[in-house]
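Written below as structure tokens is the structure these notes are about.
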Amino acid sequence: MDFLRSRQFIIVRNHNISYIPLMKKHWQMLQPDIGSVRKISNALKCNPIIASILVNRNIVSVEDAFDFLNPSFNNMRSPFSIKGMNTSVSRIFSAIINNEKILIFGDYDVDGITATTVLLEFFSYIGANVYYYIPHRIKEGYGLQKNHITDYALPKGINLIITVDCGSSSYDAVKAAQRVGIDVIITDHHRISDRPPHAFAVVNPKRADCTSGLDNLAGVGVAFYLLICLRKHLRDNSFWHKIAEPNLKNLCDLVALGTIADMVPLVDENRILVNAGLKKIYTGERNGMKALIEECKLKGPLTDTDDIAFKLAPRLNAPGRIDHAKSAVELLTTKRLDIARQIAQTLNKLNTQRQVIEKKLTDNILLYLNKNPHLLQKKTLVLSNQGWHEGVLGIVAYRLAEKFSRPVVLISTKDGIGKGSARSVPGIDLYDGLMNCSSDLENFGGHSMAAGLKLKNENINLFQEHFEKAINNMTKKINLEPVITIDYELNFDDISDKLIDDLEALKPFGAGNHEPLFMTKNVKILYSKIVGENHRSMLLKQNSSSKGRSFNAIHFNIDKSKPLNNGFDKIAFSLRWNYWNGTKKAQIIIEET
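Everything in the sequence shown is counted per the numbering used here, starting at 3 for the first residue and increasing by one.
Right, here's the structure in full:
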């Protein structure tokens, strides 16, 4: 649907838009198996509330519960189980020993940036002849392409290319490399065809013939696993008598950053890696991290993935969206704090620019949907326009998918070609939907929740029709009504400092391990005020509380036009420590009322 024929929708002059309201969420109270809850609670001597949450996460055995609460590198599965790993490390070892020129080819998002940096630091440390290349999002597009071989790798005399967080669909580029005698090792985590590119090796846990079970890894996780195997291969070949064998845990800050930013499930190996990485991030050992944390004005014992996802990651993503992602790699690799601070300031400015562009596009689309509400009667939303900024399509599509609870595809057109970003909602496999429309597309790639695509303008209407049909067929028995999942009904009298401390042990929170949500009823507002642009700070008391306890609460991104009564019939909320001026207090974070 190309809505930009009508120029009245291009610029929003009135910012007080009466937006289409958020879809009402269905409240679902989880009912854990009581026997499993008691078994875990008794064996581990933990709060039954914590045991209930674990069972809600399908952690039903005592052993699995212990491992979840005590993430350890000892519980990681063998990286050598990933198909193609042995072949890869043998070829890389040969390149190192023979001083061949190695090119790390990365993606321009945080996962790709951190994966690039992980390999770059390791290869630089051991004295390998290494280069790196990250394409310009708008000028070059995603992934390894033929021109990268002919215009860069060949003139540089590159012997071996290692892709990170990309490459699974780079068929033509791999063929071009082979023709000129350049080997390509693909490391990636995106969905991949049953017949992958005929590279020297393809290290992707999502390969159909890979039985490692490690398909939840992010791109940086796959790169990190490659280094674990390479380090062992170097050890087996007596390499480390020349220099000290590096502790790869020192790279876990980068692994955590990329893993959180890419929104992969924070379970199993990802939970272990992120848990270790968060501790490294806030020690300030990496100048780039320290400078970025300073620029974000983050303080206190920062252990929340929210700090990564909503503060650090957007700033690291910004250059790849607005300018060139190379500056993000430079930030993470610089040894000088003064330079790191300069780059962090630049990234912060780029992020501000990104926010302005993103808001303008979001406002325009919402205005258009207000004028054309019939578009939301479909199960998908596909919109296109000439000249939309490609760097923000993904994040705007994500927000719209979340708001309207359906897959969203936004396409920017130029010179007869459309480049799009797609985002989905839980339960709807975006990649499968796009696979059913592949005849309309020039190419596409991604996974179940996010994807990128390219198509001719003349095929946009056909794609819209076929994509709607595909998703409709996939979701005939699925209700698109958004669901808010409640872990436990919790009265104010049952909230304690010990409970909040116990909840901390369930971190890191994120995809696959969402922050526990509680529900309580009959809540009275003792005090309320607006803070920031659209957040409400409150003091709450439960009418039925025998102890008469009150708690500070915050409700983010509220609709200020809605009248506020004296209280709520029920609230869905999470519990956290609020750190302020050297003290900490229990705080309720309201999710829904």
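We put the CB at the ideal spot given by N, CA and C, even for glycine. A quick note: this is a predicted structure, and the numbers were derived from the prediction, not measured.
Reference residue i, options the options, closest by Cα
| i | options | result |
| --- | --- | --- |
| I532 | H557, K543, T522 | H557 |
| Q381 | G396, L395, P409 | Inspection of the sequence shows that residue 381 is occupied by Lys rather than by Gln. Residue P409 is the option with its Cα nearest to K381. |
| L121 | N72, L232, N76 | L232 |
| T118 | F107, A210, N161 | F107 |
| T1 | E517, G512, V427 | Look at the range of the chain in this structure, 3 to 595, and you will see that residue 1 is not part of it. |
| F465 | D153, M437, Y490 | M437 |
| K549 | P428, I497, I527 | I497 |
| S329 | N100, H537, Y134, S43 | Y134 |
| W390 | K361, I527, L378, I486 | K361 |
| L577 | T415, I310, R538, Y490 | Y490 |
| A555 | F520, D561, D571, I591 | I591 |
| S43 | K562, D504, N545, E467 | D504 |
| F202 | S539, D306, M87 | M87 |
| L46 | R343, Q388, D69 | D69 |
| G534 | H150, N559, K244 | N559 |
| F570 | M521, D109, E470, I345 | M521 |
Rounded C-alpha distance that separates residue i from residue j
| i | j | result |
| --- | --- | --- |
| E392 | K458 | 16 Å |
| P267 | R425 | 16 Å |
| I283 | I462 | 44 Å |
| P565 | I419 | 47 Å |
| E596 | D217 | Here the chain covers residues 3 to 595 and nothing more, so residue 596 does not appear. |
| D185 | Q589 | 55 Å |
| I188 | I324 | 27 Å |
| N72 | L508 | 9 Å |
| S172 | A210 | 17 Å |
| I397 | K523 | 35 Å |
| K529 | F553 | According to the sequence provided, residue 529 is Tyr. The question's Lys does not apply to it. Answer to the nearest angstrom: the Cα atoms are 11 Å apart. |
| F11 | S96 | Here the model assigns F11 a pLDDT of 34, short of 50, so the residue's position is not dependable, and the following value carries that caveat. The straight-line gap from Cα to Cα measures roughly 58 Å. |
| V394 | G422 | 10 Å |
| L501 | N445 | 50 Å |
| P321 | Q347 | 12 Å |
| D264 | D167 | 10 Å |
| L412 | S386 | 6 Å |
| K351 | V358 | 11 Å |
| G129 | I98 | 8 Å |
| R93 | G290 | 32 Å |
| D196 | S170 | 11 Å |
| K586 | M31 | 30 Å |
| N568 | L492 | 21 Å |
| E594 | I488 | 11 Å |
| P518 | T152 | 51 Å |
| K251 | A278 | 8 Å |
| N580 | I61 | 28 Å |
| I194 | E506 | 36 Å |
| H516 | I136 | 32 Å |
| K526 | G514 | 33 Å |
| M451 | Y400 | 9 Å |
| S38 | E404 | 33 Å |
Residue i vs residue j beta-carbon contact at 9 Å
| i | j | result |
| --- | --- | --- |
| P199 | K85 | no |
| L259 | T165 | no |
| L300 | K313 | yes |
| G215 | V257 | no |
| F494 | L541 | no |
| G584 | H192 | no |
| N161 | I104 | yes |
| H254 | L229 | Note on residue identity: the sequence assigns Cys, not His, to residue 254. Cβ distance not < 9 Å, so C254 and L229 don't count as in contact. |
| A175 | G145 | yes |
| M476 | D442 | no |
| W29 | V485 | yes |
Terminal residues of the beta strand (DSSP E) in which residue i lies
| i | result |
| --- | --- |
| N72 | It is not in any beta strand (DSSP E) - N72 carries neither H nor E in the DSSP assignment. |
| K526 | 520-533 |
| A588 | 585-594 |
| T335 | Looking at the DSSP string, T335 is not in any beta strand (DSSP E); the run it does join, the alpha helix (DSSP H), is 328-335. |
| R538 | 537-544 |
| M291 | Where M291 is concerned, there is no enclosing beta strand (DSSP E), although the alpha helix (DSSP H) it sits in stretches over 289-298. |
| K500 | Where K500 is concerned, there is no enclosing beta strand (DSSP E), although the alpha helix (DSSP H) it sits in stretches over 499-506. |
| N387 | 383-388 |
| D571 | 569-582 |
| F107 | 103-107 |
N-terminal and C-terminal residue of the alpha helix (DSSP H) that residue i is part of
| i | result |
| --- | --- |
| H235 | 221-238 |
| Y433 | 432-437 |
| Q466 | 462-476 |
| F446 | Note, F446: premise wrong, no alpha helix (DSSP H); beta strand (DSSP E) at 445-448. |
| L56 | 50-58 |
| R317 | 315-324 |
| A258 | 254-263 |
Please give the ranges of any alpha helix (DSSP H) in the segment 138-213, keeping only runs that are unbroken, at least 4 residues long and fully inside the region. Segments of the alpha helix (DSSP H) lying fully in the segment 138-213: 139-142, 173-181.
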